[in-house]
């Protein structure tokens, strides 16, 4: 499987436009950590990939937490009694403090103000604020709106319900040869915010689609969940599955124009950390690898010390580091089709590494084997060698049973794909053999019918280009 | 115990003036590695802290060395026979080569010159020179003085005694819950030199005063000793005590206007090395951490390979790196009250780390616990979190039984105090428990009456400020 | 043994001129991987050092390779039929594609062109090209020559033979106290190319001469071999010897005006890697240490995973990084006498480290010993100490049985020679003793007659300079 190469053979711009369209379709929905918004969102994901939806009743204990009541909202506004709406939920679902309890009253401005949230530094933007676990009501509005309010009575109305119901999340499971899992997790609880996290939701959906109906080394589990409480709920209900997670990524904020940031797992030196760092280094865009810290997205839960999973977080601009974060300015203008597509391509590259990273053994370890007689070298001595031949020398020299292809890619500075292709050519040439995979566990017998096609030696088209003798 | 916080609540400038006054009172005394000068100095320390003084007879074997004869001096001069003094010990005790044997003779300038020491590059300054182990006499003088000497006979007189006597040193021992010790060592043998080492002597005295009458985790031993031979003598007579030294600091040259330098112990990665580096990083002044090298102060002895103790050396400007070093220009103008006070504050901060650094266990390690319901989180979701909450997340995530608070402070980049406060809040909230201290040994039963007040959970005033729910 | 000091006592410029003259004498010979050119070359080496020559028959299997037929050449040219030579082997042996099969024919330019090699970017230079393992014939010529060829028929003649014969290589073995070996390898197969590799050949020859007739700790084996196939052949026939190689250097391209480059062994942290890096750091020239990579010279074979020997490669400018590489511009103007001499000096310094690096034990490990009473310290206290005394303190402090002198040199930043001299002084003073050498194996009894003169304590002339007491 070579997803990245496959994407490079397609029109990435067109894939970007499709990703963007999906995000745009999801944008207007008023999501929260529970309720019909997230249900509607998951329904739209289900149109693209096979998604199983779960409903967990309010009041369910999940570790130190409790699944909250379900919140739904129809309307909300502030208006001059009998007059026009000055703040209107119908214009932006950000106007309501998410999880606001219902209210309908007429109160003076002074009293109202303790329920209002604005951003003096960005007076045109509406902040995104929530109060999930402390019953409260409130409105978020632009600072200009706030300043324009006259000192008078206002009618406030939040037509919401906060009642026993369910927390809803979705899973897409793609079985592989091994029951060991790769987790891809994204939160699906934010209302009209594009980068945080419709970008992650869209890329995760498309990545799952790309991986569907393939022969996979690992099994993949995609989670579309409400932030924090969703990850806690899932982990609480799936402790056995969690033990099978070998590698994982939280995808979030990957549609903006910024370069990539990969935040490492708590363990910091796992294969996912190295794979992500490697792919970013060679992706052609600016990127930075960040150490783990316990604040952020749902890696907070996956990397809590009791689980300590190998789960990192892939972002473009880092949350909180750009002013649009958690405001109405994180809208559809803030994300770009090509940025979404390139994020998908990086995810594909990471999956390629996870799928193809294994150890080989040089079958001719005493001195270099004569590549020339196998048409794996250049024809005239005295000239320099190219990247393909260099990659073969690297793979031969370091395939001593200890080093994986990712180790070799890191040592050599060459892209994983080049190293992986070299390994294929050398397998073809009878110089290399794959070492039985001590990595992922094999799946149960009933799913082992996939195992015939070994990943160790495939036809190397690239090798056909090379001719000639050796020195 | 939080010495640093306590100092921050006081008038640091006034503490600095007091430190400076103490140094100034000690300045005129003519000290050497033995004799009445060091006795008089220790007597002045005893007025401030409980000091036990030891007298070791001349001739005592101490490892490869022998305690030398005791040296005392009343007067010394060079004068034109029957005329005025051209070099006069009464004007500066630096004028005499320290440990000069007695002499009274009239000799021509040519012969005298082989007994004179000056600094051509700094013609106004008197050098500080010694000849402890090779019997010799001499005078140190400014190069201008030297050049002004006419080619004639001079009467030279050194009214000193070098006779069997004693080497004198002082110890201040402050018992703690554990018999494991923290060593603070400073040399007290230099005559009128302010930074080297009245600064160290003053700060050590005030630090001992600060630690007195407290409940301490460790026992503290302060040594006021002559350089080299004093440390060798103490180690030779106290091999059992030396084995109890868990952490140690040599304090020297910490009154000048330069930034801090911490020279690491020979082992290089001990708790004292990390504590000092951490406190300096957050102290608000320029600082540099230096690798161990075998030349320097008494860490040379504590870190000799047979002992290899975890003892570093805290300085401001490094010996030999500034021209005033070992000259009359290292006088009371060369040290500053506020620099002494800030050095004391750094020492206090290091002691705080040693006293409070321990490991805790997160009692709720699966996912994050819900801090909001314990009033340990911010009230409105969507906003960023502050340092206090961030510190709590760090402590929770890394308190897996492996990491100490200092480990966590280093990982997080937050000051130890912030991390330590977070641990207190979380203990209060029932989320964290201290791991039984495998660090310092407990003291013998007779001193265990101090053990009641466990350090693991104290009232966290800081926690009271925090309100609200969580996301 | 102190080769470097010995060289410093001689006229390095004169040594450089002698090295250069040797390279110049070798320059005109048309070498290849087999044949009379390399035989003639080895014969000239034999005039300087005791060299044993080996002949391996064509067709011999050497690991994955086969020793090729032997190639010899008398003449080669392209000429206008019946007219003058336009390309003439007699003017430069680079004009013929090395290992060209014989040909004598008259062919049109169009057909000829597929057998011509030139360098459009350097139109005055002749490239060096080979075709050892794919039968072919060809000419290398300057691009100006190529462009001047008219569109007509040409008579081409290569008067060569490619027949069963032998591969020839030379070995110079210098026995030491231990049968453990230091390998010095250089390729001797390139025709008129000065830096690559007459420079390596000359320096290796002179280094062997320098080491001859000495009492050596290690045995030294110098190989003068054809590149790639020669190393493979030697390793194939000498697997037992290969197991005794403890340290090794490939010497190549060390006569040009560039700074030094040392390419580390595959293992990357061996003594030869550290010794080379250390000597280069202190050699007074620019230098850079490069990580191992599997392309390069014969370290490719020595560091193949089956052998994984501690063999690095010492160069000045790195192959392929300068335009003259593998062209006629790598001529006698491209190398310089003094550069050859300084390269020899670096090799000598590396041999000094290998010969003298061992571990010592401080016999007085509790506190510093009193150096003053042994005349190993400065006379007057208060002054700074010099490098010699500093080195003694380093050796004493770190000679705890764990650290070798090279470890101490690295820690201290002082040159190995200074540290080694300090160890000698301290041995003389009775303060240090050598630890029985667990490094190189002792040679078989019959060669143990050399063992009397222990390397652990020699007369330290340097120590005589030092006088005086101590503080």
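Chains as they are written, first to last, in our numbering: chain A, 1 to 471; chain B, 472 to 942; chain C, 943 to 1413. Each residue gets a CB set at the ideal place from its N, CA and C atoms; glycine is no exception.
Pairing residue 1255 of chain C with residue 1353 of chain C, the inter-Cα distance amounts to about 24 Å. Of all residues in the stretch 416-430 of chain A, none places a beta-carbon less than 8 Å from a beta-carbon of chain C. Sorting A:192, A:282, A:278 and A:273 by C-alpha distance to the C-alpha of residue 328 of chain A places A:192 at the top. Under DSSP, residue 1101 of chain C takes part in a beta bridge, and its partners are C:1017. Residue 535 of chain B belongs to the set of residues whose beta carbon lies under 8 Å from a beta carbon in chain C.
For residue 525 of chain B, the uninterrupted beta strand (DSSP E) segment begins and ends at 523-528. Residue 261 of chain A and residue 1112 of chain C have their C-alpha atoms roughly 57 Å apart.
Its chain contains 643, 676, 679, 680, 683 and 693 as the residues whose beta carbon lies nearer than 8 Å to that of residue 520 of chain B, once the 5 sequence neighbours on both sides are disregarded; these appear in chain order. Cβ atoms of residue 637 of chain B and residue 527 of chain B come within 8 Å of each other, at about 6 Å.
The stretch 1334-1352 of chain C and the stretch 1210-1221 of chain C touch, with three or more beta-carbon pairs separated by less than 8 Å.
Around the Cβ of residue 1314 of chain C, a 10 Å sphere holds 16 or more other Cβ atoms; the residue is buried. Pairing residue 1253 of chain C with residue 1244 of chain C gives a Cβ-Cβ distance under 8 Å. DSSP places residue 758 of chain B within a strand segment (E or B) once states are collapsed to three.
Contact of residue 130 of chain A with chain B is assigned, a C-beta pair being separated by under 8 Å. Residue contact with chain B for residue 1304 of chain C: present (Cβ-Cβ distance below 8 Å to some residue of chain B). Look at the stretch 1044-1086 of chain C and you find these whole runs of beta strand (DSSP E), each 3 residues long or longer: 1045-1050. Not one beta carbon of chain B lies nearer than 8 Å to the beta carbon of residue 179 of chain A. Neighbours of residue 372 of chain A in chain C, taken as residues whose beta carbon is under 8 Å from its own, are 1075 and 1076 in chain order. With distances taken between CA atoms, residue 175 of chain A lies nearest to A:217 out of A:70, A:184 and A:217.
Against chain B, the beta carbon of residue 1327 of chain C has neighbours under 7 Å at 766, listed in chain order. With contacts defined by Cβ atoms closer than 8 Å, residue 136 of chain A and residue 97 of chain A form a contacting pair. If you look at residue 950 of chain C, you'll find it in the alpha helix (DSSP H) that goes 945-950.
Shown here, residue 245 of chain A sits in a strand according to DSSP, grouped into three states.
Shown here for residue 741 of chain B: same chain residues with a beta carbon closer than 6 Å to its own, the five before and five after excluded, namely 781 in chain order. Identification of chain A residues near residue 1243 of chain C by a Cβ-Cβ cut-off of 8 Å yields 367 and 368, ordered along the chain. Going by DSSP, residue 384 of chain A is part of no alpha helix (DSSP H) at all; its letter is neither H nor E. With respect to chain B, the C-beta atom of residue 235 of chain A has a partner C-beta closer than 8 Å. Relative to residue 505 of chain B, the option among B:635, B:848 and B:617 whose CA is nearest is B:635. Check the Cα spacing between residue 1279 of chain C and each of C:1198, C:1208, C:1087 and C:1297: the tightest is with C:1198.
In the same chain as residue 423 of chain A, and ignoring 5 residues on each side of it, the C-beta atoms closer than 7 Å to its own belong to 360, 395, 405 and 432, in chain order. Within its own chain, no residue has a Cβ closer than 6 Å to the Cβ of residue 228 of chain A once the five positions on either side in sequence are excluded. Boundaries of the beta strand (DSSP E) around residue 187 of chain A: 181-187. DSSP, read as helix, strand or coil, puts residue 1260 of chain C in coil. The DSSP-derived three-state label of residue 23 of chain A is helix. Interface criterion not met: the Cβ of residue 1222 of chain C is under 8 Å from no Cβ in chain B. Nearest in C-alpha terms to residue 495 of chain B, of all of B:803, B:896 and B:503, is B:803.
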